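Q:
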Amino acid sequence: MKALDEGKDLRKSKKAEEKAAAKRQSQLMSRGDAVFYIVNDLLLLIFLLLVAYPIIYVFSASFSSPRAVMASKVILWPVEPSIEGYVAAFKESRIWTGYGNTIIYTVCGTCINLIMTILCAYPLSRRDFAGRNAFMFIVAFTMIFSGGMLPTYIVIKELGLIDTRWAMLLPSAIGVYNVIVMRTYYQTNISDELLDAAFLDGCDNFRFLWQIVIPLSKPITAVMILFYGVGHWNAFFNAFIYLSSRKLLPLQIFLREILVLNQMTSDLTFDPKLAAAKQGLADLLKYSLIIVSSLPIWCAYPFVQKYFVKGIMIGSIKG
Amino acid sequence: MKPLSKKKWGMLKKNWQLYLLFLPPLVWFILFRYWPMVGVQIAFKDFRPGDTIFNAKWIGLANFTKFFRHYLFWDLMKNTIVITLYQLAVNFPLPIIFALALNATCRDKFRKVVQYITYMPYFISTVVMVGIIMQLLNSRIGVINNIIAFLGGARTDFMASAKLFSSVYVWSGVWQNTGWNSIIYLAALSSISQELHEAAMIDGASRLNRVIHIDLPGIAPTMIVLLIMNCGQIMNLGFEKIFLMQNSMNLRASQVISTYVYSIGLKNAPPEFSYGTAIDLFNSAINLLLIVSVNKLMRRFGESSLW
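The listed protein sequences derive, respectively, from chains A and B.
According to the numbering used here, the first sequence is numbered sequentially starting from 1.
According to the numbering used here, the second sequence is numbered sequentially starting from 1001.
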């Protein structure tokens, strides 16, 4: 925590420095520089709009009426505002099953991830952990070489995990990149003096980890929870390959059925008028589902954005 | 092996608890990462359902030669390489340019807003991302086609076109990842000393000159490390997005090695585990070779490398 605050102060003073520099700069600014700044900001603005537009569009379309969506009337804001799409989304039983399962996988999976990552990263961060280079190699080697899709499938099958909830939790229990980030954090933030002092007072490794290291690394732990949590929420591949019972499937699998494969549960109607209305509702439903399925992430994003960025920054220090 | 020194013994004794802590992760790595590597040997065997990894019959390189002679071999190689090189050519420089531009703007609030918005798409899941692509490019109601039609062009069914597949794949990736990928460069840029800039300003360097002669060299080591890592991924196209974007109409351009391995190993009946593993192994071997040689090259000519 302390180290982080120091970092903040440093950044603040740096900001102030930059501001002063910018002020001096604006006094000195030549015409060429003025053009540069205008062009630069303009390009950024264009990119900003290009990224923002699809998001705004999907959001607006999801709150429009089926008719407006089908007639392509939505341009920027909701047309004929309605929540019909959301009503249809919540009537889909698949979405409820998927949501429930995804929440289970995200919560349990993230807990497992966190425990395993700490257990893996902490010993590797200790200089007096004999054999740590060999262990580090064992861990890092899996980043550049893996057994591949099919041998992994055979192992999961031999372990009896196929079509069980464990198949969603165990194979992804450790992210090697996150281990390295965590280890780097421990190495730079938990000093050897602290360790020596604790040991002189009769503390052992278990207690040191539990009572000192973990409380001192709350910021990075928060980052890990976020990274792993988003990973589980968005995970598709393992469920797709290992699960077949419909009651175990996570949200992403059902989303694929609806968004990508276009499988609707609508009963067949031969009345052309009704069919057109159904088509409109099906189109609208997709927009609403895109919003509903990412809702937890959209809601959390404003509050946690800076933590994500921090995680990447720590990870970018070569460990 | 030489006998452990006294100091090492002392460390072992003092830190036995650390080994206990490390045990669960170690077991996990052995079970879920190294055991499959042992299973890679089925690439050289004739593994049939019911066999174990060890009692299957050795058949040497037959699976590999089968793949090299397969009529799809060159198509798969071409698709894989075209998409990755296209992706590298676009997705490598753009975050750098974006980070340089973000760093150069003097409007702090504006910079924050741009960062906030452009990082957002990164958190969208692959499934939803492909869903969005399909909705926005839909030839009937998609907004992109609406714009094309409004401008007088002909509506195009992007997802059904083999020719457009790689472009849709790469440019949607630009939309999703450019902002996020720029973070690492921004971190590098923020560590460039302000004094360099001030000195250059006194010498009369324009802002553009400073971007080119101070900022760009300042992030060169980061660029090189990321370039090496990207090169190691050349043959390692992510499975999910390509697979989800695939359909029978664009399959000619969208069947790549990873999706092909999936279809012969898990989708088709009977599954050909050995053959699929051989293809996968061939792929991993190329990746490993690429990352090691690019790293060596960088070590010889530049100061930064991965290891």
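Where a beta carbon is used, it is the ideal one built from N, C-alpha and C, also for glycine.
Please read all numbers here as calculations on a predicted model, not as lab measurements.
Assuming Val51 of chain A contacts Gly1179 of chain B (C-beta within less than 8 Å), just tell me the rounded distance between them.
A: 7 Å
Q: Of the choices B:Thr1277, B:Arg1299, B:Val1292, B:Lys1296, whose alpha-carbon is the least far from that of Phe1067 of chain B?
A: B:Thr1277
Q: Can you list the residues of chain B that Cys120 of chain A reaches, using a CB-CB cut of under 9 Å?
A: Leu1021, Phe1022, Pro1024, Pro1025, Leu1026, Trp1028, Phe1029
Q: Counting only beta-carbon atoms, is Ser1206 of chain B nearer than 8 Å to chain A?
A: yes
Q: Ignoring anything shorter than 4 residues or poking outside the stretch 1195–1243 of chain B, list the alpha helix (DSSP H) runs there in chain order.
A: 1207–1210, 1220–1231
Q: Just the C-alpha distance for Ile290 of chain A and Met1129 of chain B, rounded to the nearest angstrom, thanks.
A: 9 Å
Q: Under 8 Å Cβ-Cβ, which residues of chain B neighbour Lys286 of chain A?
A: Gly1131, Gln1135
Q: Quick check on DSSP: helix, strand or coil for Lys73 of chain A?
A: Coil at Lys73 of chain A, not helix or strand.
Q: Use the C-beta contact count for Gln252 of chain A: other C-beta atoms within 10 angstroms, 16 or more gives buried, fewer gives exposed.
A: Buried, by the Cβ-count rule.
Q: Check the Cβ of Asn1055 of chain B against every Cβ in chain A and list those closer than 7 Å, keeping chain order.
A: Within 7 Å Cβ-Cβ: nothing; Asn1055 of chain B doesn't reach chain A, min ~13 Å.
Q: Under 8 Å by Cβ, that's how I've got Ser1166 of chain B and Ala1253 of chain B pegged, so tell me the actual separation to the nearest angstrom.
A: Their Cβ separation, rounded to whole angstroms, is 7 Å, which keeps Ser1166 of chain B and Ala1253 of chain B in contact under 8 Å.
Q: Just the chain A side, please: which residues come within less than 8 Å of Arg1048 of chain B by C-beta, in chain order?
A: Going along chain A, no residue has its Cβ under 8 Å from Arg1048 of chain B, so there is no contact; the nearest lies around 12 Å.
Q: Can you list the residues of chain B that Ser294 of chain A reaches, using a CB-CB cut of under 9 Å?
A: Phe1123, Ile1124, Ser1125, Val1128
Q: Taking 8 Å as the CB-CB cut-off, is Gln305 of chain A touching chain B?
A: Yes - at least one Cβ of chain B is within 8 Å of the one on Gln305 of chain A.
Q: Within 10 Å of its beta-carbon, does Val107 of chain A have 16 or more other beta-carbons around it, so buried, or fewer, so exposed?
A: Exposed: under 16 other Cβ atoms inside 10 Å.
Q: At a CB-CB cut-off below 8 Å, which residues of chain B make contact with Phe135 of chain A?
A: Phe1022, Leu1026
Q: Classify Gln1246 of chain B as buried or exposed, calling it buried when 16 or more other Cβ atoms lie within 10 Å of its own Cβ.
A: buried
Q: In the structure shown, what three-state DSSP assignment does Gly319 of chain A receive?
A: The predicted model places Gly319 of chain A with a pLDDT of 38, which falls under 50 and marks its position as unreliable, so this point remains unresolved.
Q: Go ahead and label Cys1231 of chain B buried or exposed: buried means 16 or more other beta carbons lie within 10 angstroms of its beta carbon, across all protein chains shown.
A: buried
Q: If the criterion is Cβ atoms closer than 8 Å, does the pair Ile1257 of chain B and Thr1080 of chain B meet it?
A: yes
Q: Quick one: what does DSSP say Asp1046 of chain B is sitting in, helix, strand or coil?
A: Note: Asp1046 of chain B maps to strand in three-state DSSP.
Q: Report the residues of the stretch 1257–1289 of chain B with a CB closer than 7 Å to any CB of chain A, ordered along the chain.
A: Val1261, Tyr1262, Gly1265, Leu1266, Phe1273, Gly1276, Thr1277, Asp1280, Leu1281, Ser1284, Leu1288
Q: Rounded C-beta distance between Phe308 of chain A and Leu226 of chain A? I'm assuming under 8 Å.
A: 6 Å
Q: Using a cut-off of 9 Å between C-beta atoms, extract the partners of Thr1105 of chain B located in chain A.
A: Correct list: Tyr37, Asn40, Asp41, Leu44.
Q: Could you tell me which residues DSSP pairs with Asp1051 of chain B in its beta bridges?
A: B:Pro1049
Q: Report buried or exposed for Phe206 of chain A, applying the criterion of at least 16 other Cβ atoms within 10 angstroms of its Cβ.
A: exposed
Q: For Leu261 of chain A, which residues of its own chain have a beta-carbon under 7 Å away from its beta-carbon, when the five flanking residues on both sides are left out?
A: none
Q: Return the bridge partner residues of Lys1057 of chain B from the DSSP annotation.
A: B:Asp1046
Q: Does Lys1163 of chain B come out as helix, strand or coil in the three-state DSSP assignment?
A: coil
Q: Looking at Gly147 of chain A and Val1090 of chain B, is the spacing between their C-beta atoms short of 8 Å?
A: With respect to the 8 Å criterion, Val1090 of chain B and Gly147 of chain A are not classified as neighbours on the basis of their beta carbons.
Q: Answer with buried or exposed for Glu84 of chain A, where buried requires no fewer than 16 other C-beta atoms within 10 angstroms of its C-beta.
A: It is buried - the Cβ of Glu84 of chain A has at least 16 other Cβ atoms within 10 Å.
Q: Just tell me which of A:Ile154, A:Met313, A:Val304 has its CA closest to the CA of Met1037 of chain B.
A: A:Ile154
Q: Could you list which residues in chain A have their beta carbon closer than 7 Å to that of Gly1153 of chain B, in chain order?
A: Within chain A, no residue comes near Gly1153 of chain B; the closest Cβ sits about 15 Å away, beyond 7 Å.
Q: Does Gly175 of chain A come out as helix, strand or coil in the three-state DSSP assignment?
A: coil
Q: Under the three-state reduction of DSSP, which class applies to Met182 of chain A: helix, strand or coil?
A: In this structure, Met182 of chain A counts as helix in the three-state DSSP scheme.
Q: Taking Cβ to Cβ, would you say Ser244 of chain A is nearer than 8 Å to Asp128 of chain A?
A: Taking 8 Å as the Cβ cut-off, Ser244 of chain A and Asp128 of chain A do not qualify as a contacting pair.
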